[in-house]
Amino acid sequence: MAESVQVGGGVGRDEKPKSDEPTRRDFLYLATAAVGAFGVASVAWPLIDQMNPAADVLALSTIEVDLSQIEVGQRVTVSWRGNPVFIDHRTPEQIEEARAVDVAELRDPQTDAERVIEPEWLVVVGICTHLGCVPLGQRPSDDRGAFGGWFCPCHGSHYDTSGRARRGPAPLNLAVPDYEFLEPTLIRIG
Amino acid sequence: MSSPIFKSPVVRWIDHRLPIFSFMDHELNEYPTPKNLSYWWNFGSLAGMVLVIMIITGIVLAMHYTAHVDHAFESVERIMRDVNYGWLIRYIHMNGASMFFIVVYIHTFRGLYYGSYKAPRELLWILGVVILLLMMATAFMGYVLPWGQMSFWGATVITNLFSAIPLVGESIVTWLWGGFSVANPTLNRFYALHYLLPFVIVGVVVLHLVALHRFGSNNPLGIDTKGPQDTIPFHPYYTVKDMFGMAVFLIVFAGFVFFAPNYLGHPDNYIPANPLVTPAHIVPEWYFLPFYAILRAIPDKLGGVLAMFGAIFVLFLLPWLDRSPVRSSRFRPIYKWFFWVLVADCVLLTWAGAKPPEGIYVVLARLGTAYYFAHFLLLLPLLSIFETPRPRPTSISQPVLRGGGVPAGARAKPMEKA
Ligand code: HEM
Ligand code: FES
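Which chain is which? The protein sequence lines are E and X, in order. Going by the numbering used here, the first residue of the first sequence is number 29, and it counts up by one from there. Going by the numbering used here, the first residue of the second sequence is number 16, and it counts up by one from there.
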């Protein structure tokens with residue numbers, strides 16, 4: 029019975045292939061391995077995905093912040109997804125300073141306008157882009173570094189009043205989170 | 016042991032210094048296995064697979080579980096609702112425990128039927144019973160972790176068993192609890208032990224396998240292999256057969272996980288633990304029911320506890336209670352029937368254990384308990400004396416060849432079945 033069944037142009041069941049032509053057995057091995065690999069992958073995925081943020085964690089991923097109590101020149105820190113977000117009610121001088129920078133000189137070139145929605149409100153994730161410390165500068169008594177923005181004490185990164193990396197090992201500007209103005213003094217982050 | 020020749024020079028280099036490949040070849044590839052093993056011999060490898068599944072899913076659950084009385088129940092609900100695929104992983108672990116017991120009970124009854132506990136496999140058997148005890152402890156403590164009503168009251172009842180011990184009983188129970196009732200300290204230590212014990216089981220399984228490979232598997236005929244004509248290499252014959260068994264078993268397992276995940280559980284365990292209210296009808300998980308029936312069958316507190324533990328400890332003595340030199344029930348015309356009566360008795364005890372302890376159920380549980388012990392302590396020793404076994408074939412190959420006792424290979428090739 030076996031002899032009569034052949035895969036197109038292949039050889040019969042137990043014959044040794046005379047050429048490099050794939051045999052029926054090669055096909056079976058490949059098909060079995062493919063099914064097996066698919067099975068393993070579909071079992072592995074739930075075991076991997078369970079470590080991703082769970083639904084309740086994702087549910088906490090937007091926050092609303094009322095800006096009306098923040099004075100000009102004042103900086104506040106809010107917590108978003110477990111991380112600090114810096115909100116800076118910038119003074120006209122600080123805005124001016126940020127705009128005056130020659131973008132071409134920056135290691136991560138970005139104009140100040142690209143980093144804000146309303147110029148007086150700078151909203152950035154307060155995590156140093158070097159290795160994740162929280163830079164100083166939120167309190168008036170803090171060291172704000174050579175550019176009047178923030179200074180990371182861990183390895184000495186300096187940020188300017190637009191939160192851009194200017195000196196030290198940090199490769200990128202402080203990240204700007206997704207946010208929008210719901211009202212002139214109410215933002216939703218995330 | 017003949018050292019295999021490996022093609023890859025890297026493998027050869029490593030194997031010369033660390034003979035791991037020779038070991039694997041010897042134990043999993045060329046390993047000579049009786050050629051007549053039936054599907055009842057699939058359940059050992061199935062048990063091993065379930066153990067691995069339990070450890071993997073357990074470690075994943077531990078990543079999300081909080082062992083504190085105020086948070087345990089909620090953390091499990093969070094696994095069910097919020098954690099990605101948490102429901103799947105928890106249902107696999109939950110039903111996996113039941114699957115583990117089904118598989119190991121079948122594996123054990125296989126041993127009873129074919130006399131696998133007899134010389135020279137006594138220690139192999141004893142290690143199996145040790146595994147069974149460890150599994151029970153692990154399953155019991157695992158069931159406490161979700162901190163539902165059944166968790167709490169199951170833990171209370173089972174730990175209170177130890178209060179039956181004269182004089183020191185109460186102190187032992189206080190010590191087990193770390194307080195004056197089942198509470199947070201109890202939950203924490205159960206969690207620590209529930210994490211530990213499966214790895215102890217892995218260790219004992221390794222010993223179990225070392226003992227197994229000393230003399231190899233028993234077989235449906237219960238006679239020793241007499242040489243290469245009675246064996247086939249483990250790979251590919253039994254690797255394929257084991258894998259086929261696994262595929263079939265996984266279908267059943269998946270059936271429970273996806274279509275009846277709570278069928279084997281108890282709905283009361285989805286009510287958070289309340290130390291002030293006991294559920295009206297508390298029952299353990301199904302795999303503990305026969306033992307629970309034995310516990311309640313004895314009207315005396317200490318007696319009940321002793322009988323319950325005795326039901327397992329009698330298995331340790333089995334190799335010396337059954338003195339018949341014949342292993343397989345195929346050649347034991349009387350024992351064979353009593354084996355099936357014992358199976359029926361265990362089913363009866365399981366059923367009685369699920370019923371309330373009153374009226375006819377108590378009577379049946381008492382009869383079942385009496386019979387259980389009589390089987391091991393009376394019938395087996397007596398049968399060893401009075402039963403006349405049927406003649407056994409001289410070798411495994413003989414019945415296959417139907418050839419009057421001449422060893423296979425000496426005359427002809429074994430008949431091909433297909
Ligand atoms: C975690 C639980 C267990 C695992 C992973 C396990 C694993 C195995 C494996 C892989 C085999 C060889 C294949 C086979 O013969 O089925 C085996 C054989 C055996 N096991 Fe277990 N086992 C477990 C529990 C037990 C228990 C609870 C008992 C008895 C009380 C037991 C008694 C035996 C005996 C007597 C043999 C030799 C059987 C024979 O060759 O006839 N095992 N075990
Ligand atoms: S982490 Fe901020 S400078 Fe290194």
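Glycine included, every Cβ here is placed at the ideal spot set by N, Cα and C. Keep in mind that this is a model prediction, so the values were computed, not measured.
Top-ranked residue by Cα proximity to residue i, from the options
i	options	result
residue 327 of chain X	X:90, X:19, X:42, X:120	X:120
residue 175 of chain E	E:158, E:195, E:162	E:195
residue 167 of chain E	E:114, E:55, E:62, E:75	E:114
residue 151 of chain E	E:122, E:117, E:164	E:117
residue 268 of chain X	X:316, X:34, X:106, X:350	X:106
residue 302 of chain X	X:68, X:198, X:110, X:32	X:110
residue 123 of chain E	E:149, E:83, E:208	E:149
residue 361 of chain X	X:322, X:309, X:336, X:319	X:309
residue 250 of chain X	X:27, X:198, X:46	X:46
residue 158 of chain X	X:281, X:329, X:347	X:281
residue 139 of chain E	E:189, E:102, E:178	E:189
residue 185 of chain E	E:135, E:147, E:88	E:135
residue 87 of chain X	X:150, X:253, X:108, X:166	X:166
residue 257 of chain X	X:39, X:27, X:63	X:63
Beta carbon proximity, residue i to chain X, threshold 7 Å
i	result
residue 77 of chain E	yes
residue 201 of chain E	no
residue 74 of chain E	yes
residue 54 of chain E	no
residue 140 of chain E	no
residue 59 of chain E	no
residue 65 of chain E	no
residue 83 of chain E	yes
residue 80 of chain E	yes
Short CB-CB distance (under 7 Å) between residue i and chain E
i	result
residue 98 of chain X	yes
residue 61 of chain X	no
residue 91 of chain X	no
residue 75 of chain X	yes
residue 103 of chain X	yes
residue 419 of chain X	Residue placement at residue 419 of chain X cannot be trusted, given a pLDDT of 45 that sits under 50; the coordinates are not used to answer.
Contacts around residue i, its chain only, beta-carbon distance under 6 Å, and the 5 residues preceding and following it disregarded
i	result
residue 238 of chain X	407
residue 75 of chain X	104
residue 243 of chain X	none
residue 171 of chain X	197
Contact set for residue i: own chain, Cβ-Cβ below 7 Å, skip 5 residues either direction
i	result
residue 363 of chain X	379, 383
residue 232 of chain X	48, 49, 52, 56
residue 94 of chain E	213, 214
residue 208 of chain E	215, 216
residue 42 of chain X	228
residue 61 of chain X	118, 260, 261, 264
residue 108 of chain X	69, 72, 73, 76
Buried or exposed (CB count within 10 angstroms, at least 16 for buried), residue i
i	result
residue 108 of chain E	buried
residue 134 of chain X	exposed
residue 240 of chain X	buried
residue 190 of chain X	exposed
residue 168 of chain X	buried
residue 341 of chain X	buried
residue 219 of chain E	Residue 219 of chain E falls outside the range modelled here, since chain E spans only 29 to 218, and no answer is possible.
residue 200 of chain E	exposed
residue 330 of chain X	buried
residue 334 of chain X	buried
residue 187 of chain E	buried
residue 375 of chain X	exposed
Continuous beta strand (DSSP E) stretch holding residue i: start and end
i	result
residue 117 of chain E	111-117
residue 124 of chain E	Counting along the chain, residue 124 of chain E falls outside any beta strand (DSSP E), though it belongs to the alpha helix (DSSP H) covering 120-128.
residue 334 of chain X	Counting along the chain, residue 334 of chain X falls outside any beta strand (DSSP E), though it belongs to the alpha helix (DSSP H) covering 316-336.
residue 215 of chain E	214-217
residue 105 of chain E	103-108
residue 179 of chain E	176-180
residue 208 of chain E	207-211
Cut-off 8 Å between Cβ atoms - residues of its own chain near residue i, not counting five sequence neighbours on either side
i	result
residue 205 of chain E	108, 113, 151, 152, 153, 217, 218
residue 369 of chain X	298, 301, 304
residue 210 of chain X	73, 77
residue 402 of chain X	339, 347, 348, 349, 350
residue 90 of chain X	79, 80, 81
residue 213 of chain X	66, 69, 70, 73, 153
Residue i: first and last residue of the uninterrupted alpha helix (DSSP H) it sits in
i	result
residue 163 of chain X	Note, residue 163 of chain X: premise wrong, no alpha helix (DSSP H); not H, not E.
residue 186 of chain X	184-192
residue 226 of chain X	199-230
Heavy atom of the ligand PLP within 6 Å of residue i beta-carbon
i	result
residue 202 of chain E	Absent from the structure shown: the ligand PLP. Ligands present: the ligand HEM and the ligand FES.
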